[in-house]
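Take a look at the structure below.
Protein chains: 2
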Amino acid sequence: MQDLLFDFISKYVSLTEDEKNAILSLDIFHSFRKGTVLLKEGQKTKESYFVLKGCIRTYYVVDGEEKTTAFYTEMEALTPPCVVSKTPSEYYISCVEDSIITVSNSDMEVEVNRKFPKFEVMCRILSEELLAKQRIDFDEFKTSSPEQRYLNLLQKRPDLIQRVPQHQLASYLGIKAQSLSRLRARILEKRKG
Amino acid sequence: MQDLLFDFISKYVSLTEDEKNAILSLDIFHSFRKGTVLLKEGQKTKESYFVLKGCIRTYYVVDGEEKTTAFYTEMEALTPPCVVSKTPSEYYISCVEDSIITVSNSDMEVEVNRKFPKFEVMCRILSEELLAKQRIDFDEFKTSSPEQRYLNLLQKRPDLIQRVPQHQLASYLGIKAQSLSRLRARILEKRKG
DNA sequence: TAAAATCGTTCACTTAAGTTAAGAAATGGT
DNA sequence: ACCATTTCTTAACTTAAGTGAACGATTTTA
Chain A
1 MQDLLFDFIS KYVSLTEDEK NAILSLDIFH SFRKGTVLLK EGQKTKESYF
51 VLKGCIRTYY VVDGEEKTTA FYTEMEALTP PCVVSKTPSE YYISCVEDSI
101 ITVSNSDMEV EVNRKFPKFE VMCRILSEEL LAKQRIDFDE FKTSSPEQRY
151 LNLLQKRPDL IQRVPQHQLA SYLGIKAQSL SRLRARILEK RKG
Chain B
194 MQDLLFDFIS KYVSLTEDEK NAILSLDIFH SFRKGTVLLK EGQKTKESYF
244 VLKGCIRTYY VVDGEEKTTA FYTEMEALTP PCVVSKTPSE YYISCVEDSI
294 ITVSNSDMEV EVNRKFPKFE VMCRILSEEL LAKQRIDFDE FKTSSPEQRY
344 LNLLQKRPDL IQRVPQHQLA SYLGIKAQSL SRLRARILEK RKG
């Protein structure tokens with residue numbers, strides 16, 4: 001499992017054995033059962049997550065209704081906005097599947113960055129990449145219809161459609177579960193006719 | 194004008210006179226007239242922008258139609274995704290108003306980061322903050338209706354509604370110009386009735 | 001394994017956005 | 001100052017998403 005993390009890191013910086021051991025000594029690898037809530041609305045936290053196996057989701061609860069805004073699967077990292085802004089969390093994070101996740105906290109990261117400056121570089125590059133990637137995702141969302149968004153998702157993350165409940169997918173696409181059902185039926189109809 | 198930039202930077206790291214002079218010697222301050230196109234679709238670039246005065250927008254052209262996805266105003270920074278991914282740009286950038294902007298390129302930044310490691314730290318923090326901020330914006334967009342988005346914008350960036358053409362605002366809100374007109378009329382109607 | 005809860009789909013109806021077109025208002029260029 | 005262009009609004013019609021309700025299928029859990 002550790003190798004997955006180190007393979008990921010090696011795409012950005014090369015680590016010595018000492019550095020690897022320093023990371024391992026932090027004891028950041030954790031398993032969670034499906035449904036486990038990692039973060040609740042209103043809670044303060046300094047934790048960031050990196051998914052090694054499984055899937056986690058972020059969701060808001062508005063008028064008693066869950067609004068899912070993101071899914072993180074294998075080799076994806078999540079630092080909740082509340083960690084950056086140092087305010088209580090506005091959303092929940094929970095496990096869609098049994099998952100193996102590294103959990104680190106920002107004090108730890110400050111310490112590691114101080115000891116190993118190359119970490120600072122990796123964090124900067126990672127943040128810049130994620131920012132650019134997320135910008136593209138946001139732009140695609142804005143400029144397309146729910147149907148186009150669904151077809152786009154089918155292309156880019158077909159696994160999500162299999163492993164995630166439809167009603168969570170629907171709010172991820174910005175629509176209601178019933179509309180997603182209808183939209184899928186519409187697409188099938190087009191393909192036949 | 195330079196002071197605006199240094200005031201902004203001072204929120205993240207403190208610079209010596211030497212460091213300030215190093216930045217000034219790069220000659221990054223530029224003025225552009227309203228309508229100037231800074232970047233075109235298909236073009237390769239290494240340039241990042243920081244708006245000191247004025248307003249720039251990013252937009253895609255889909256089937257001959259402009260789709261505006263973002264506005265950047267005073268003290269806001271933009272590194273186009275294509276700079277990070279090193280691919281041709283998928284969108285245009287142009288000036289909504291006469292603007293004063295610092296234009297830097299990524300080779301310059303690599304050099305500055307090498308000379309002054311504190312820049313690396315600032316870039317990391319800035320990227321992390323922007324990532325968190327953009328995540329919140331994306332989530333708000335996903336979880337609200339066009340009407341809610343408009344009312345939200347009225348709260349958070351009332352200046353934009355004044356300084357930007359309605360049809361550009363409309364696509365920024367993910368709808369057509371006619372729908373924005375109608376939606377505004379609907380809101381006025383509610384306030385009276 | 002039986003009862004309860006969650007999940008996915010369908011339907012009828014409502015609401016709002018997309019489309020096409022027209023015209024008024026504002027802006028820009030010469 | 002005038003003409004051309006762009007911008008904004010309105011209207012009638014079409015299309016698709018929201019809503020509330022029902023029902024079977026699946027999953028959970030007691």
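If you read the protein sequences in the order shown, they are chains A and B. Under this note's numbering, the residues of the first sequence are numbered 1 to 193, in order. Under this note's numbering, the residues of the second sequence are numbered 194 to 386, in order. A virtual CB, placed ideally from N, CA and C, is assigned to each residue, including glycine.
Cβ pair residue i, residue j closer than 8 Å
i	j	result
Val357 (chain B)	Val289 (chain B)	yes
Gly246 (chain A)	Pro88 (chain A)	With chain A running from 1 to 193 in the structure shown, residue 246 (chain A) is simply not present.
Ile28 (chain A)	Ser99 (chain A)	no
Asn207 (chain A)	Ser145 (chain A)	The structure shown has nothing for residue 207 (chain A), since chain A only spans 1 to 193.
Gln134 (chain A)	Arg57 (chain A)	no
Thr45 (chain A)	Tyr59 (chain A)	no
Phe32 (chain A)	Met75 (chain A)	no
Phe309 (chain B)	Glu212 (chain B)	yes
Leu323 (chain B)	Leu154 (chain A)	no
Gln2 (chain A)	Leu24 (chain A)	yes
Residue i versus the options, residue with shortest Cα-Cα distance
i	options	result
Val13 (chain A)	A:Lys53, A:Glu147, A:Val121 and A:Ala170	A:Val121
Glu147 (chain A)	A:Ile125, A:Ala170 and A:Lys46	A:Ala170
Ser241 (chain B)	B:Arg379, B:Met194, B:Ala370 and B:Leu271	B:Leu271
Ser372 (chain B)	B:Lys383, B:Arg384, B:Gln359 and B:Tyr265	B:Gln359
Thr73 (chain A)	A:Ile187, A:Val112, A:Ala177 and A:Ile161	A:Ile161
Arg307 (chain B)	A:Arg114, A:Lys118, A:Val112 and A:Asn113	A:Lys118
Leu39 (chain A)	A:Met108, A:Phe141 and A:Tyr92	A:Tyr92
Ser287 (chain B)	B:Leu376, B:Asp256, B:Gly247 and B:Asp352	B:Gly247
Lys67 (chain A)	A:Val84, A:Lys190 and A:Ala177	A:Ala177
Buried versus exposed call for residue i [16 or more other C-beta atoms within 10 Å across all chains shown]
i	result
Asp332 (chain B)	buried
Val230 (chain B)	exposed
Val51 (chain A)	buried
Leu366 (chain B)	buried
Phe247 (chain A)	Residue coverage of chain A in this structure runs from 1 to 193, which leaves residue 247 (chain A) outside it and unanswerable.
Ser127 (chain A)	buried
Arg124 (chain A)	buried
Ile294 (chain B)	buried
Val303 (chain B)	exposed
Ile187 (chain A)	exposed
Lys349 (chain B)	exposed
Lys190 (chain A)	exposed
Taking any Cβ of chain B, which residues in the stretch 50-65 of chain A have a Cβ under 9 Å from it, in chain order?
-> Thr58, Tyr60 and Val62
Would you list, in sequence order, the uninterrupted alpha helix (DSSP H) runs of no fewer than 4 residues that lie entirely inside the stretch 285-346 of chain B?
-> 299-308 and 310-335
Closer than 8 Å, Cβ to Cβ, to anything on chain B: give me those residues from the stretch 123-155 of chain A, in chain order.
-> Cys123, Arg124, Ser127, Glu128, Glu129, Leu130, Leu131, Ala132, Lys133, Gln134, Arg135, Ile136, Asp137, Phe138, Asp139, Phe141, Lys142 and Thr143
Given a limit of 7 Å on CB to CB distance, which residues of the stretch 10-40 of chain A reach chain B?
-> none
Ignoring anything shorter than 3 residues or poking outside the stretch 217-281 of chain B, list the beta strand (DSSP E) runs there in chain order.
-> 222-225, 230-232, 240-246, 249-255, 258-265 and 269-271
Residues of the stretch 262-280 of chain B whose Cβ lies closer than 9 Å to any Cβ of chain A, in chain order = Thr262, Ala263, Thr272, Pro273, Pro274, Cys275, Val276, Val277 and Ser278
According to a CB-to-CB cut-off of less than 9 Å, which residues of the stretch 283-311 of chain B neighbour chain A?
-> Glu283, Tyr284, Asn306 and Pro310
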